[in-house]
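**Student:** Here my numbering is used: the first residue of the sequence shown is 510, the next is one more, and so on. Quick reminder that beta carbons are idealized off the backbone N, C-alpha and C, glycines included.
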Amino acid sequence: MELQPAALLEALVLRPGRARGGGGPMAGVKGEFVREFSVEEPVELVVTAGSGDVGVRRGPRGKVVVQGTYYVRAVPRSRAERLAELIERHPPVELRGREIRVGDLVRYTAEVGPSFLGEVFEGIEIDYEIEVPERTEARVEIGSGDVEVWGIAGPVRISAGSGDVELRDIAAEVEAKTGSGDVEAEDVDGDLVVGTGSGNLEARRVGGDLEARTGSGDIEIADLSGDLDVTTGSGDIRLEGVKGDIEARAGSGDIEIRSGLESGRVWRLRSGSGDIKVLLPSGTEARLELESRFGEVRSDLKGSPDAPAAIEAKTESGDIRVKVEGGEGK
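Put into structure tokens, the structure is as follows:
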């Protein structure tokens, strides 16, 4: 007996277990596809995906390989099968000169027509594994899913509604932002801009300047050649080996720095309700401006008004500690 639209909607809402079953009114179809192209370099990769993970990795020269693993859910099952057939026959991958475009799903739903139940009970999720030559620039925009990019020249730009982002071994500048998720970057030769609404940010071995923002999460930075500008609303900031100027702000968290202070550099550290701790090598000279309204301020370093570098640390209700490693005190 064929269910009328009202009865089918009731079955989906009241009996979700049956709805997701292989023989129920709401069915899922899984499958895979692979597309391979010979390309001229440099390559420009553009990925736009609604839902699914994206991995971009360095592969052989002159070739791009896109492997997709998809899951289609639709009502009735014949509609899901039809959508899956279209994806396998014509995967969402296009070559336009040096540009590879991945992820356009509009044509599939346009070809089969609108679903009478709407988008709530229908969706296409595709995980992508993409191999590209080293000389590739990448732009990835997804609604939800994790993104991983490594081993390419760049630049790289990533935007995700929700999901973690991981970047490794990128030769140019990188910009990576996610609404909710962690961001991790290693071995970026150019400038790095990272941000998340809620999540942790971690970066190591960055050759340029770094800007990091998180609404709620910790920030950890190590081995930075350029200037640093970091902000967290609620979380701790831990810094090590920063060669440039530092602007660090924490709304309700601690700030800790372990680094040499190079000549001509200025560190500005602000926390609303957290401690600030600075660990310096012996022999450091700096102008000091340390202020806590309701906490304790202690410093091993005797500030010098004529020093070529400066440390400015302020907190409302936390302690400030400047310690020279190898010196006395804790």
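Out of curiosity, what's the CA-to-CA distance linking Ser734 and Ser768?
**Tutor:** Whole-angstrom Cα-Cα distance: 12 Å.
**Student:** For Arg591, report the span of its alpha helix (DSSP H) as first-last.
**Tutor:** Arg586 to Arg598
**Student:** Would a C-beta distance cut-off of 8 Å place Thr740 and Gly726 closer than the cut-off?
**Tutor:** no
**Student:** Verify whether the separation of the beta carbon atoms of Val833 and Leu778 is less than 8 Å.
**Tutor:** no
**Student:** Tell me, to the nearest whole angstrom, how far the beta carbon of Pro600 is from that of Arg544; I am working on the premise that it is less than 8 Å.
**Tutor:** The distance from the Cβ of Pro600 to that of Arg544 is about 5 Å, consistent with a contact at the 8 Å cut-off.
**Student:** Using only CA atoms, which one of Ser587, Ile661, Phe803 and Glu650 lies nearest to Lys823?
**Tutor:** Phe803
**Student:** Looking only at C-alpha atoms, which of Ser801, Val584, Glu553 and Ser547 sits nearest to Glu608?
**Tutor:** Closest option to Glu608, Cα to Cα, is Glu553.
**Student:** Whole beta strand (DSSP E) runs in the segment 642 to 715 with 3 or more residues, listed along the chain?
**Tutor:** 645 to 653, 656 to 659, 665 to 671, 674 to 679, 683 to 689, 692 to 697, 701 to 707 and 710 to 715
**Student:** Here's a check: name, in chain order, each residue in its chain whose Cβ is nearer than 6 Å to the Cβ of Val555, leaving out the five neighbours to either side.
**Tutor:** Only Arg610 and Arg648 meet the Cβ criterion.
**Student:** Check whether the segment 557 to 571 touches the segment 583 to 599, taking contact to mean three or more Cβ pairs, one atom from each stretch, closer than 8 Å.
**Tutor:** no
**Student:** Considering only residues of the same chain and omitting the five flanking positions on each side of Glu657, which have a CB-CB separation below 6 Å?
**Tutor:** Gly564 and Glu675
**Student:** In the DSSP assignment, what are the bridge partners of Val751?
**Tutor:** Leu733
**Student:** Three or more beta-carbon pairs under 8 Å between the segment 575 to 587 and the segment 672 to 688, yes or no?
**Tutor:** no
**Student:** Going along the chain, which residues of its own chain have a beta-carbon closer than 8 Å to the beta-carbon of Asp691, five neighbours each way excluded?
**Tutor:** If you ignore the 5 residues before and after Asp691, its C-beta comes within less than 8 Å of the C-beta of Asp673, Val674, Thr705, Gly708, Asn709, Leu710, Glu711 and Gly726, all in its own chain and listed in chain order.
**Student:** By alpha-carbon positions, which one of Val806, Gly660 and Ser689 ends up nearest to Gly670?
**Tutor:** Checked all of Val806, Gly660 and Ser689; the closest Cα to Gly670 is Ser689.
**Student:** Since Pro817 and Gly773 should fall inside the 8 Å C-beta cutoff, what is the C-beta to C-beta distance between them, to a whole number of angstroms?
**Tutor:** 6 Å
**Student:** Whole-angstrom Cβ separation of Ile766 and Val787, contact assumed at under 8 Å?
**Tutor:** 5 Å
**Student:** Consult DSSP for Gly530 and reduce its assignment to one of helix, strand or coil.
**Tutor:** With a pLDDT of 38 at Gly530, under the threshold of 50, the modelled position of this residue cannot be trusted, and the question is left open.
**Student:** In three-state terms, what does DSSP make of Arg807?
**Tutor:** strand
**Student:** Since I believe Glu634 is in contact with Tyr580 (beta carbons under 8 Å), could you give me their beta-carbon distance rounded to a whole number of angstroms?
**Tutor:** Contact between Tyr580 and Glu634 holds, since their C-beta atoms are separated by about 5 Å, short of 8 Å.
**Student:** Could you check where the beta strand (DSSP E) with Thr824 kicks off and where it finishes?
**Tutor:** Ala819 to Thr824
**Student:** Over what stretch of residues does the beta strand (DSSP E) that includes Val548 continue unbroken?
**Tutor:** Looking at the DSSP string, Val548 is not in any beta strand (DSSP E), and its letter there is neither H nor E.
**Student:** Which same chain residues, not among the five before or five after Glu684, have their C-beta less than 6 Å away from its C-beta?
**Tutor:** Counting only Cβ-Cβ distances below 6 Å, and skipping sequence neighbours, we find Arg666 and Val702.
**Student:** Report the three-state DSSP secondary structure of Thr740 (helix, strand or coil).
**Tutor:** strand
**Student:** For Gly571 and Gly612, I'd like the C-alpha separation in whole angstroms.
**Tutor:** 21 Å
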